[in-house]
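Residue numbers (this note's numbering): 2 to 353.
Right, one structure below, let's go through it.
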């Protein structure tokens, strides 16, 4: 696909059809732009194999480890892990190839530009939809525990995941096929942003309800006699709910630059002609792609079973993590077997 050239401010701004945004300018050869592009490419190059490997290991553990497989909440997490894996093995290689074309002054190859735009659009939307599924699962489990087995089933979770993929792919195809219509493209962008903000507020609302219910249950367990089995079950459900909240926080941090820039570009398109903004876009996309790496790390931080599974796959992976002064002291005194694998953190009797 050949790029479209438009004359603006005395310079050629080369655009591609899908994004309908300025993607490259022959004059963008400043040191800052090169440093930004190279550093973003290096980060993606280094994190690509780990994004793929960690999500595969996490997915395998969630589906095969007996103590993890029986928990229905982990089904939603496994669906999110599939999304993160696909995002890592498709979007990051395309990102690297595109940055090489910019650094070598080959210019934008619109097929490549459109491919990465398509993938980022589909996978970023799918990540948000799957986080919505994860949060809904926890919301029902915490606030309506007796109805949870009927409301949330494996079949319904699978259907919700499939529906999210279909919706995002259809939206991306519409954007691609109607990219020549600037008015339609503008309203498609508004529609996409509206979906993001609506879904985000729904997730935030559900999480706030979860936190209030968790607090109420803690007070109830302190003031009333509750069976030990019920206490342990509630603790597991509450921990899974907090994991969903942490995943939301990671998503908001990694997507915040994009959520701030896209509305700005829609209101003031002239900013796209700035070399400074152009160099910043590479890191905006990198932050979004890094969300696929942070999610499996969060799973491991929150699950001891996953940490043990990771330690068997990666000998250097610690079984525990020092989150307090006492655990840090135990961490510094950790012992290793002959092959160098960390066997336990805190041989002082502390539970991890």
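No residue lacks a Cβ here, since even glycine has one placed at the ideal position from N, Cα and C.
Annotation: the segment 163 to 227 contains the following complete segments of the alpha helix (DSSP H) (minimum length 4 residues), in chain order: 183 to 224.
Here the alpha carbons of residue 129 and residue 84 stand approximately 10 Å from one another.
Under the 8 Å Cβ criterion, the segment 196 to 208 counts as touching the segment 242 to 255, having at least three qualifying pairs. Runs of alpha helix (DSSP H) with 4 or more residues, each lying fully within the segment 42 to 130, are found at 67 to 70 and 74 to 104, listed in chain order. By alpha-carbon distance to residue 175, the top candidate from 56, 193 and 53 is 193. Counting along the chain, residue 300 sits inside the alpha helix (DSSP H) bounded by residues 276 to 303. With contacts defined as CB atoms closer than 8 Å, residue 297 and residue 113 fail to qualify as a contacting pair. Relative to the Cα of residue 43, the nearest Cα in the group 172, 302, 104 and 70 belongs to 104.
Between the segment 85 to 105 and the segment 69 to 76, the count of C-beta pairs closer than 8 Å stays below three; the two stretches do not touch. Taking residue 116 as the centre and dropping the five residues before and after it, the same chain places the C-beta of 95 closer than 7 Å to its C-beta, in chain order. Taking the CA atoms as reference points, residue 258 sits about 24 Å from residue 102. If you draw a 10 Å sphere on the C-beta of residue 134, you find 16 or more other C-beta atoms in it, and that means buried. Taking one beta carbon from each stretch, the segment 121 to 128 and the segment 138 to 146 have fewer than 3 pairs nearer than 8 Å; the two do not touch.
Rounded to the nearest whole angstrom, the CA to CA distance from residue 265 to residue 246 is 28 Å.
At the C-beta level, residue 283 and residue 38 come within 8 Å of one another.
Listed in chain order, the non-local C-beta contacts of residue 88 below 6 Å within the same chain comprise 124 and 293, local neighbours out to five positions each way being set aside.
For residue 150, the enclosing alpha helix (DSSP H) begins and ends at 149 to 152. Within its own chain, the residues whose Cβ lies closer than 8 Å to the Cβ of residue 148, once the five positions on either side in sequence are excluded, are 141, listed in chain order. The three-state secondary structure of residue 145, taken from DSSP, is coil. At the C-beta level, residue 302 and residue 48 stay beyond 8 Å of one another. 8 Å or more divides the Cβ of residue 256 from the Cβ of residue 78. For residue 269, the three-state secondary structure derived from DSSP is coil. Put simply, the backbone Cα of residue 285 is about 22 Å away from that of residue 82. Note that the C-beta distance between residue 211 and residue 173 is not below 8 Å. Taking residue 307 as the centre and dropping the five residues before and after it, the same chain places the C-beta of 62, 300 and 301 closer than 6 Å to its C-beta, in chain order. In terms of Cβ geometry, residue 53 and residue 287 do not form a close pair [threshold 8 Å].
Counting only the Cα atoms, residue 163 lies some 20 Å from residue 151. Residues of the same chain with a CB within less than 6 Å of the CB of residue 153, apart from the 5 flanking positions on each side, are 138 and 141 in chain order. If you draw a straight line from the Cα of residue 118 to the Cα of residue 248, it is about 24 Å long. In this structure, residue 239 and residue 215 form a Cβ contact; the two beta carbons are roughly 5 Å apart against a cut-off of 8 Å.
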